[in-house]
Each structure stands twice: as structure tokens, then as C-alpha cells.
Amino acid sequence: MYFELGEEYALKLDEADPLTEYKERFYGLPDCIYMDGNSLGLMSYDAESTLLRVMDEWKKLGIKGWGGAEVPWIGYAERLGELQAPLVGAYPDELVVTGGTTVNLHALVATFYRPEGGRRRILADELNFPSDLYALRAQIRLRGGDPDEDLVLVKSRDGLIIEEDDVVDAMGDEVALALLPSVYYRSGQLLDMGRLTKEAHERGILIGFDCSHSVGVVPHYLSEWGVDFAFWCNYKYLNGGPGSTGSLYVNRRHFGSMPGLAGWFGNDRGTMFEMRTEFDPARTAAAWQIGTTTMLSSAPIEGSLRMMAEAGIGNIREKSIQITGYLMFLIDELLGGEPYNYGVATPREPERRGGHVGVTHEDAWRITQALIARGVVPDFRPPNIIRLAPIPLYISFHDVWKVARHLKAVIDGGEHEAFSDDRGTVT
Ligand SMILES: *Cc1c(COP(=O)(O)O)cnc(C)c1O
Numbered sequence: 123m124y125f126e127l128g129e130e131y132a133l134k135l136d137e138a139d140p141l142t143e144y145k146e147r148f149y150g151l152p153d154c155i156y157m158d159g160n161s162l163g164l165m166s167y168d169a170e171s172t173l174l175r176v177m178d179e180w181k182k183l184g185i186k187g188w189g190g191a192e193v194p195w196i197g198y199a200e201r202l203g204e205l206q207a208p209l210v211g212a213y214p215d216e217l218v219v220t221g222g223t224t225v226n227l228h229a230l231v232a233t234f235y236r237p238e239g240g241r242r243r244i245l246a247d248e249l250n251f252p253s254d255l256y257a258l259r260a261q262i263r264l265r266g267g268d269p270d271e272d273l274v275l276v277k278s279r280d281g282l283i284i285e286e287d288d289v290v291d292a293m294g295d296e297v298a299l300a301l302l303p304s305v306y307y308r309s310g311q312l313l314d315m316g317r318l319t320k321e322a323h324e325r326g327i328l329i330g331f332d333c334s335h336s337v338g339v340v341p342h343y344l345s346e347w348g349v350d351f352a353f354w355c356n357y358k359y360l361n362g363g364p365g366s367t368g369s370l371y372v373n374r375r376h377f378g379s380m381p382g383l384a385g386w387f388g389n390d391r392g393t394m395f396e397m398r399t400e401f402d403p404a405r406t407a408a409a410w411q412i413g414t415t416t417m418l419s420s421a422p423i424e425g426s427l428r429m430m431a432e433a434g435i436g437n438i439r440e441k442s443i444q445i446t447g448y449l450m451f452l453i454d455e456l457l458g459g460e461p462y463n464y465g466v467a468t469p470r471e472p473e474r475r476g477g478h479v480g481v482t483h484e485d486a487w488r489i490t491q492a493l494i495a496r497g498v499v500p501d502f503r504p505p506n507i508i509r510l511a512p513i514p515l516y517i518s519f520h521d522v523w524k525v526a527r528h529l530k531a532v533i534d535g536g537e538h539e540a541f542s543d544d545r546g547t548v549t
């Protein structure tokens, strides 16, 4: 990819960007370049308006909203699933917007982890988000297993990247289930989900993915790849608001399996209100819902999904590859050597990276504080990563150019030295 260093060039890239108009559809933070949308996406006017609509329906309809709202609340989780399906290459009935990320992991692993005979292990990796590993250990314990024995963690060769070859090598006869992230939360590495699914299935292993760091910025082909199940949160690239409802995907070939964590919202809608004592699961992914749809945490997602459909995930990915490439170029060219010593943890190959860039520095924590003081919002992940997410819908090439100037100025002025090494509560 070809880039230039100058400010003019950044402005030229913005002029050619078909997504520039979307920036105005978000509430930006005043005097701030928000590079943390991979942790909590900004609020859009679109998300706000669907939330306000549902609040108004609650106000005016009370319980009648379940059947009488503009988008009836009773089928809302499935309706949002249909809206989201094209983003991840799923059939509309394979997706439902429900629960939370870690809760959905539990619901899916409780269903698809079926330890039997010598096949009792779960394959994961040491770089996944800790919550996923805690949940997997708990699931093994619930089945009477020993997590130290039955949870196999693929090791990283360099602490940043997991090689697909190493994952495949670990897919032995004793593995029942593999669970991996799509994109690593630190380095931004994107795994080859299609290949890993094929390799797992050839070895009789079921496979699921945590797509929290890829949905909304990377296109997926979950059905075509044949992924058994997946889940993700909707508050990062999906801009659904803090703690918004999560999503879960179940491949059609598993429709009719008994959900491991059954609850009445997973019941077939036709018989749900007969209030039988026997669970009659829906014949779609809807069966994996547990309780009542969390309407106020789901409503913003509707506006967000409609906006994404309009912008096009292909356009979003194209800009994302270009703008992350541009950020890495600026770091290499301006900030790589002495006295700056910034590095890049993210893979250079576009097909191997998601939407954020992990910038390394031995003083990463203090630099993060200095950037915040300058009106740039990144985040820090131990031990030495400054995460910068140039969100395609609301970050411009000029913003990225400015962020590189800020990174440089912090070191030029020794500004980070004014901050303590003490890490308080982290975001
Ligand atoms: C953000 C994130 C989560 C968050 O889990 P919650 O249950 O929503 O708190 C889980 N897994 C990964 C990989 C994430 O990036």
C-alpha cells in the first residue's frame, strides 16, 4: 500500500473516502479524537432514535408494546438477528440478539461441549480474552472435569500472535470442542476462521468463535464456513451502547439440539404462552434465548444495524484496511527509531488484521495517560500495548495523522514522565 507523510495527503484521503458523511451521524466527544471505539463505540443519532422510540412505546403502550410496538417487542430479538445476519454471512434464522457475551458463551458451550470417552478436552488459546477462559474452565468443572487437565491452551510464539498451524497441531483426538476469538483484543490479529473450521471438522471437533472484535468491521461468512456457533458483543464496532445486548449464532445443522441453558424465551412462540411444564424449543437459533428480551439494551442496536446496512460492510472493511495501514505507516516512518521507539504488534497483511492497531512501547501506560491529557482517547492493555482503533464510520485519515503527531509530541516533550506508573482502574 502506498501512503505519504504530509497533512495534505491525509486530507486528500478524506476527500476520496465514501464514508466521510457518517462522522456527522455520531456524537463526537468535544475536543477529542476518539480512538477507543473498539472498546465502547460512540453513540449515533440513529441508535439514539431507535432507543427513544422504544422508550416512547413503553411510555404510551405499557405491556401492549409486546404485540403493538412498531417492531413488536415479542419478536424483537429475532428481528434484530435478521437485520444483523448479512453482516456475518448468516441465514436470518441462525442469529438472535440476546443475553450478554459471556452469558451467550455459557449458553452455547453448555450445549456444544459434549465430553465423551477419550474426547473431553476444550481447545482454546492463551491470548483470548480472559472472560472466555474463565467461562470455559467453569463449563469443564460443571461437567465434573478438571480444567487444568481438560482446557488446552495453544501458546503464542511471541506473546502477540497465535499461528493457525499451532492451533491445527493441537487439534488432537482428545479435543471435543474448540473456542477461539476472531480477532485478538491486544494485537488485532484476525484468525483464518474458514480454515480453522475446516480443519476442526475434518478431525471431528466442533468449533465456535468469539467475534466481539470483528463484527461490524470485518465481513464474516459464518454459514459458508460452516462454523458451529459464534457470539459477540454489540457495544464495540456495533455502537449499541454500554453493556448492550449480545448476539449469538447457531448453524442451521444444529437446529433442534436441546439448548444447554433452557429458558422460556427460547420456547417456540406458538406454544410459549400455553405455559406448559415441558420446554418446547424454537426450531431456530431463537431457542438459545433464556429470559425476557432486554428491550432498552437492544433498541440502540436497531439504529446501528440499519446504519451499517446502509454504509455496507464491504466499504467499512475497505476503509478499515486502508486506515489501519496508514496508521502503521505513520508509526513506522515517523516514530519507529530513536528517540521514539514505538512498535506495531499488529500483522501487516490486511487479511490477518481486524480493525485496531496495537502500538507497543515500553512506557505504554504513561504514554496512554499523556495522550488522554492531549485529547486523544486510546486504551492500554498490559503489558505494553496502546490500542488505537480508527473506526471507519467516524474516524478520518486526518484524525489519524493528528494522532501520530500527538504520539510524537508526547515523547518530544517528555510529557509522559509527568504521570505515575500506578495503574488505577482501567477502562
Ligand atoms: C469485549 C469482549 C468480551 C466482553 O464480554 P462481556 O460479557 O460483554 O463483558 C468478551 N470476549 C471478547 C473477546 C471481547 O473482546
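Numbering (our numbering), first residue to last: 123 to 549.
Every residue gets a Cβ at the ideal spot worked out from N, C-alpha and C, and that includes glycine.
message = Is F353 close to ligand 1? I mean its beta-carbon at under 6 Å from any heavy atom of the ligand.
response = Flag unset: Cβ of F353 not near ligand 1.
inquiry  = Assuming contact is defined by CB atoms lying nearer than 7 Å, are R308 and R503 in contact in what I supplied?
reply    = Taking 7 Å as the cut-off, the Cβ atoms of R308 and R503 count as close.
D270, buried or exposed, once every other Cβ within 10 Å from all chains shown has been counted against 16 = D270 should be labelled exposed.
key: For P140, three-class secondary structure by DSSP   = Collapsing the DSSP output to three states places P140 in coil.
query = So with Cβ pairs under 7 Å, would you call W354 a contact of chain C?
reply = In the structure shown, chain C does not exist; there is a single protein chain.
inquiry  = Closest to V274 by C-alpha separation, out of G294, I412, A431, would be which residue?
reply    = Of the residues G294, I412, A431, the one whose Cα lies closest to the Cα of V274 is G294.
key: Contacts around A322, its chain only, beta-carbon distance under 8 Å, and the 5 residues preceding and following it disregarded   = Excluding its 5 nearest sequence neighbours in each direction, A322 has C-beta neighbours in its own chain below 8 Å: M293, A300, L328, I329, listed in chain order.
query = Thinking C-beta only, is N356 closer than 7 Å to S366?
reply = Yes.
ask   = What first and last residue would you give for the beta strand (DSSP E) that runs through F351?
value = Under the DSSP assignment, F351 falls in the beta strand (DSSP E) whose first and last residues are 351-354.
request  = Could you tell me which uninterrupted alpha helix (DSSP H) segments, each at least 4 residues in length, are contained entirely in the stretch 226-281, listed from first to last along the chain?
outcome  = Correct list: 252-264, 269-272.
ask   = How would you write the range of the beta strand (DSSP E) that Y371 sits in, first residue to last?
value = Per DSSP, Y371 belongs to the beta strand (DSSP E) from 369-372.
request  = Assuming L230 and F351 form a contact by the criterion Cβ under 8 Å, report the distance between their Cβ atoms to the nearest whole angstrom.
outcome  = Contact between L230 and F351 is confirmed by a C-beta separation of about 5 Å, below the 8 Å threshold.
query = Is the distance from the Cβ of S304 to the Cβ of S253 below 7 Å?
reply = Pairing S304 with S253 gives a Cβ-Cβ distance that is not under 7 Å.
ask   = Using DSSP with H/G/I as helix, E/B as strand and the rest coil, what is L299?
value = The answer is strand: DSSP assigns L299 an E or B state.
task = Name the one or two DSSP bridge partners that G465 has.
result = G465 pairs with T482.
query = So, is G222 buried or exposed, given that buried needs 16 or more other C-beta atoms within 10 angstroms?
reply = The residue is buried, with at least 16 neighbouring Cβ atoms inside 10 Å.
message = Three Cβ pairs or more, each shorter than 8 Å: is that satisfied between the stretch 441-449 and the stretch 381-396?
response = With a cut-off of 8 Å on Cβ pairs, the stretch 441-449 is not in contact with the stretch 381-396, counting fewer than three such pairs.
ask   = Per DSSP, I507 is paired with what?
value = The beta-bridge partner set that DSSP reports for I507 consists of T482, R503.
ask   = Looking only at C-alpha atoms, which of I453, R470, T468 sits nearest to Y81?
value = Look at the range of the chain in this structure, 123 to 549, and you will see that residue 81 is not part of it.
ask   = Per the contact definition of three or more C-beta pairs closer than 8 Å, is the stretch 166-175 in contact with the stretch 358-373?
value = Output reads yes: the stretch 166-175 touches the stretch 358-373.
request  = Could you check the C-alpha separation between L183 and V372 for me, to the nearest Å?
outcome  = Counting only the Cα atoms, V372 lies some 33 Å from L183.
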